[in-house]
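To start, the structure itself, in structure tokens.
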Amino acid sequence: MPTSIITTDDLRDFKIELLEEFEQLLNKHIGNAAPITWLRSADVKKKLKISTSTLQNLRNKQIIKGHKIEGILFYDAAEIDKLLIENEIQNGD
Numbered sequence: 001m002p003t004s005i006i007t008t009d010d011l012r013d014f015k016i017e018l019l020e021e022f023e024q025l026l027n028k029h030i031g032n033a034a035p036i037t038w039l040r041s042a043d044v045k046k047k048l049k050i051s052t053s054t055l056q057n058l059r060n061k062q063i064i065k066g067h068k069i070e071g072i073l074f075y076d077a078a079e080i081d082k083l084l085i086e087n088e089i090q091n092g093d
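Read in order, the letters of the sequence shown correspond to residues 1 to 93 in my numbering.
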């Protein structure tokens, strides 16, 4: 039975290769998707500097989507940011 000598360099290379394979598997599994940050109504009102009735009107007009769980409304923070960016106005508008 032939024997081979494993050096510390061999082990380091193996470790790096193994970690890269784990990273690829994790990225494939979770898809590099950032987790959704959920905001409550109070957070959205504070961020947008709006009243409760204005937030209600935005929901009624389906400008902002809320997700209701056990009577508590949650909003996707990324959607709120996107809404602000898409509705940016230029000087003179």
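Don't be surprised by glycine CBs; every beta carbon is placed ideally from N, CA and C.
Model, not experiment: these values are computed from the prediction.
| message | DSSP has residue 67 in a bridge; who is on the other side? | response | For the purposes of this step, residue 67 is identified with residue 67 of the sequence shown, where counting begins at 1. DSSP, once it has assigned bridges, lists 74 as partnering residue 67.
| request: Since I believe residue 64 is in contact with residue 39 (beta carbons under 8 Å), could you give me their beta-carbon distance rounded to a whole number of angstroms? | output: Locating residue 39 in the sequence shown gives position 39, where the first residue counts as 1. Locating residue 64 in the sequence shown gives position 64, where the first residue counts as 1. At roughly 10 Å, the Cβ-Cβ gap does not stay under 8 Å, so residue 39 and residue 64 are not in contact.
| field | Cα-Cα separation between residue 67 and residue 81, rounded to whole angstroms | value | Translated into the one-based positions of the sequence shown, residue 67 becomes position 67. Translated into the one-based positions of the sequence shown, residue 81 becomes position 81. Taking the straight line joining both Cα atoms gives about 17 Å.
| field | 7 Å CB neighbourhood of residue 50 in its chain, flanking five on each side removed | value | Position 50 of the sequence shown, counted from the start, is the residue given in the question as residue 50. Contacts found: none.
| query | How many Å lie between residue 8 and residue 16 at the Cα? | reply | Within the sequence shown, the letter at position 8 stands for residue 8. Within the sequence shown, the letter at position 16 stands for residue 16. Residue 8 and residue 16: Cα-Cα distance of roughly 12 Å.
| task | Measure from the alpha carbon of residue 76 to the alpha carbon of each residue in 41, 23 and 2, then state which is nearest. | result | If you number the sequence shown from 1, residue 76 lands on position 76. For the residues 41, 23 and 2, the minimum Cα distance to residue 76 belongs to 41.
| query | Skipping 5 residues on each side, what residues in its chain have a beta carbon closer than 6 Å to that of residue 58? | reply | As a first step, residue 58 is located in the sequence shown; it is residue number 58 there, counting from the start. So the list reads 64, once near-sequence residues are dropped.
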